[in-house]
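Chains A and B, in that order, are what the protein sequence lines are.
Using my numbering, you'd call the opening residue of the first sequence number -4 and step up by one each time.
Using my numbering, you'd call the opening residue of the second sequence number 28 and step up by one each time.
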Amino acid sequence: LAKTTQPISMDSYEGQEVNITCSHNNIATNDYITWYQQFPSQGPRFIIQGYKTKVTNEVASLFIPADRKSSTLSLPRVSLSDTAVYYCLLEYGNKLVFGAGTILRVKS
Amino acid sequence: GAVVSQHPSWVICKSGTSVKIECRSLDFQATTMFWYRQFPKQSLMLMATSNEGSKATYEQGVEKDKFLINHASLTLSTLTVTSAHPEDSSFYICSARETSGSGDEQYFGPGTRLTVT
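Structure, rendered in structure tokens:
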């Protein structure tokens, strides 16, 4: 399974847009890119998934360039409650392998 | 979305005893469930893949005789930590995959905090 690389942590302020970029140089043809959010002592929560170009849902956008070697999770206008760990995963078939994740701290 | 529950949410047990954790998919059937372990300030580590009606597939380094997995029905998988030791204290999380017309999505349970004294 291909590995992902993310920044260890990021700081932001309420109301700002936050972009978290994930590198996955060895992504396979059939891998989907998936992002999860995790709060302390809780299970991860699905945010968004994409294969190429741009995907948008009610909480986030996911930008994937043509070579698919990276992806960017965009959270519009973050709030204090968005403080969490964000994981970028490559998904093919059944297995999900979690990387180290990015700790996002939103300040007021 | 689909819901996955775990029971208990937390448990304290004495060293040498066994603890069973249940994972249920509440509103969908899951032929495959997964068990993860997460130590403080670390990422989730996949322990095993639980397949309904067959033996679980364990990841490298995970003792199958210590972490017994049973997937007796399409909505229930159990993880039993046998002869627990303090180093087994961790946050155990299960997940289940739902396959629908719109694609696959994996749902996670809320986790079980195990403390071995």
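Every residue gets a Cβ at the ideal spot worked out from N, C-alpha and C, and that includes glycine.
From a predicted model like this one, the values you see are computed outputs, not experimental measurements.
Would you kindly report the start and end of the unbroken beta strand (DSSP E) that includes A:ALA79? Within the first sequence, residue 79 of chain A is the residue found at index 84, counting from 1. Unbroken beta strand (DSSP E) run through A:ALA79: 79 to 87.
**Asked** Are the C-beta of A:PRO35 and some C-beta of chain B separated by less than 7 Å?
**Response** As a first step, residue 35 of chain A must be located in the first sequence, where it is residue number 40. No, because no Cβ of chain B sits closer than 7 Å to the Cβ of A:PRO35.
Q) Mind checking whether A:ILE59 and A:ASN52 have CB atoms under 7 Å apart? A) Locating residue 59 of chain A in the first sequence gives position 64, where the first residue counts as 1. Locating residue 52 of chain A in the first sequence gives position 57, where the first residue counts as 1. Judged by beta-carbon spacing, A:ASN52 lies beyond the 7 Å limit of A:ILE59, meaning their Cβ atoms are not closer than that value.
| message | On the DSSP letters alone, give me the boundaries of the beta strand (DSSP E) that B:ASP115 sits inside. | response | The residue given as residue 115 of chain B occupies position 88 in the second sequence. It is not in any beta strand (DSSP E) - B:ASP115 carries neither H nor E in the DSSP assignment.
Does any C-beta atom of chain A lie closer than 7 Å to the C-beta of B:SER77?
Working through the second sequence from its first residue, we reach residue 77 of chain B at position 50. Contacts with chain A at 7 Å (Cβ-Cβ) do not include B:SER77.
For A:PRO39, count the other beta carbons within 10 Å of its own beta carbon; 16 or more makes it buried, fewer makes it exposed. Which is it? One-based indexing of the first sequence puts residue 39 of chain A at position 44. So A:PRO39 counts as buried.
Since B:PHE135 sits in a beta bridge, which residues does DSSP pair it with?
For the purposes of this step, residue 135 of chain B is taken as the residue at position 108 of the second sequence. Looking at the DSSP assignment, B:PHE135 forms a beta bridge with B:SER122.
*Consult DSSP for B:SER36 and reduce its assignment to one of helix, strand or coil.*
Residue numbering aside, residue 36 of chain B sits at position 9 when the second sequence is read from its first letter. Three-state result, B:SER36: coil.
Integer-rounded CB distance, given that A:THR0 should sit under 8 Å from A:GLU86
As a working note, residue 86 of chain A is residue 91 in the first sequence. As a working note, residue 0 of chain A is residue 5 in the first sequence. Between A:THR0 and A:GLU86 the Cβ distance is about 16 Å, and since that is not below 8 Å, they are no contact.
Under the rule that 16 or more other beta-carbon atoms within 10 Å means buried, what is B:GLY62, buried or exposed? Position 35 of the second sequence, counting from 1, holds the residue named residue 62 of chain B. For clarity, residue 62 of chain B is Trp in the given sequence; the question names Gly instead. B:TRP62 should be labelled buried.
Query raised in the report: When the cut-off is 7 Å and only beta carbons count, does A:ALA55 lie next to chain B?
Result: In the first sequence, residue 55 of chain A corresponds to position 60, counting from 1. It does not; no Cβ of chain B falls within 7 Å.
| query | Considering only residues of the same chain and omitting the five flanking positions on each side of A:TYR8, which have a CB-CB separation below 6 Å? | reply | As a first step, residue 8 of chain A is located in the first sequence; it is residue number 13 there, counting from the start. Correct list, in chain order: LYS102.
Margin query: Give me the DSSP bridge partner(s) of A:MET5.
Written below: For the purposes of this step, residue 5 of chain A is taken as residue 10 along the first sequence, with counting starting at 1. Beta-bridge pairing by DSSP links A:MET5 to A:LEU99.
- Task: Name the residue from A:GLY94, A:ASN14, A:ILE98 and A:SER66 whose alpha carbon lies nearest to the alpha carbon of B:MET72.
- Result: Taking the first residue of the second sequence as position 1, residue 72 of chain B is located at position 45. B:MET72 has its Cα closest to that of A:GLY94, out of A:GLY94, A:ASN14, A:ILE98 and A:SER66.
Exercise. Counting contacts by CB-CB distance shorter than 7 Å, is A:LEU2 in contact with chain B?
Worked result: What you label residue 2 of chain A is simply residue 7 of the first sequence in a count that begins at 1. Rather than Leu, the amino acid found at residue 2 of chain A in this sequence is Pro. Interface criterion not met: the Cβ of A:PRO2 is under 7 Å from no Cβ in chain B.
Suppose the cutoff is 6 Å on Cβ atoms and the five residues either side in sequence are ignored; what does the same chain contact list for A:THR67 look like? Reading the first sequence from its first residue, position 72 is the one you call residue 67 of chain A. If the five residues before and after A:THR67 are omitted, its C-beta is found closer than 6 Å to the C-beta atoms of ASN14, THR16 and PHE58, all from its own chain and listed in chain order.
Check your understanding: First and last residue of the beta strand (DSSP E) that includes A:LEU70?
Key -> Within the first sequence, the letter at position 75 stands for residue 70 of chain A. That run of the beta strand (DSSP E) goes 65 to 70.
Using the beta-carbon count (16 or more within 10 Å), is B:GLY128 buried or exposed?
Working through the second sequence from its first residue, we reach residue 128 of chain B at position 101. Annotation note: pLDDT 49 at B:GLY128 (below 50); position unreliable, no value reported.
**Prompt:** Between A:ARG100 and the rest of its own chain, which residues show a CB-CB distance below 8 Å, the 5 nearest in sequence each way excluded?
**Reply:** Working through the first sequence from its first residue, we reach residue 100 of chain A at position 105. Cβ neighbours of A:ARG100 beyond the five flanking positions: SER4, MET5, ASP6, SER7 and THR78.
Interface partners of A:VAL92 on chain B, CB under 8 Å | Within the first sequence, numbered from 1, the residue matching residue 92 of chain A stands at position 97. The contacting residues are LEU73.
Only counting the same chain, and skipping five residues up and downstream in sequence, which positions put a Cβ closer than 8 Å to that of A:ALA55?
Residue 55 of chain A sits at position 60 when you count from the first residue of the first sequence. For A:ALA55, where only same-chain residues beyond five positions count, the Cβ hits under 8 Å are TRP30, ILE42, ILE43, LEU68, SER69, LEU70 and PRO71.
**Item:** Per-residue burial, B:ASP115 [other beta carbons within 10 Å of its own, 16 or more giving buried]
**Value:** By 1-based counting over the second sequence, the position of residue 115 of chain B is 88. That one is buried.
- Does any C-beta atom of chain A lie closer than 7 Å to the C-beta of B:PHE66? Along the second sequence, read from residue 1 onward, the residue named residue 66 of chain B stands at position 39. Look at B:PHE66: its C-beta is not under 7 Å from any C-beta on chain A.
* For A:GLY96, return the contacting residues in chain B, with the cut-off set at a CB-CB distance below 7 Å. => Taking the first sequence and counting its residues from 1, one reaches residue 96 of chain A at position 101. Neighbours of A:GLY96 on chain B, chain order: SER70.
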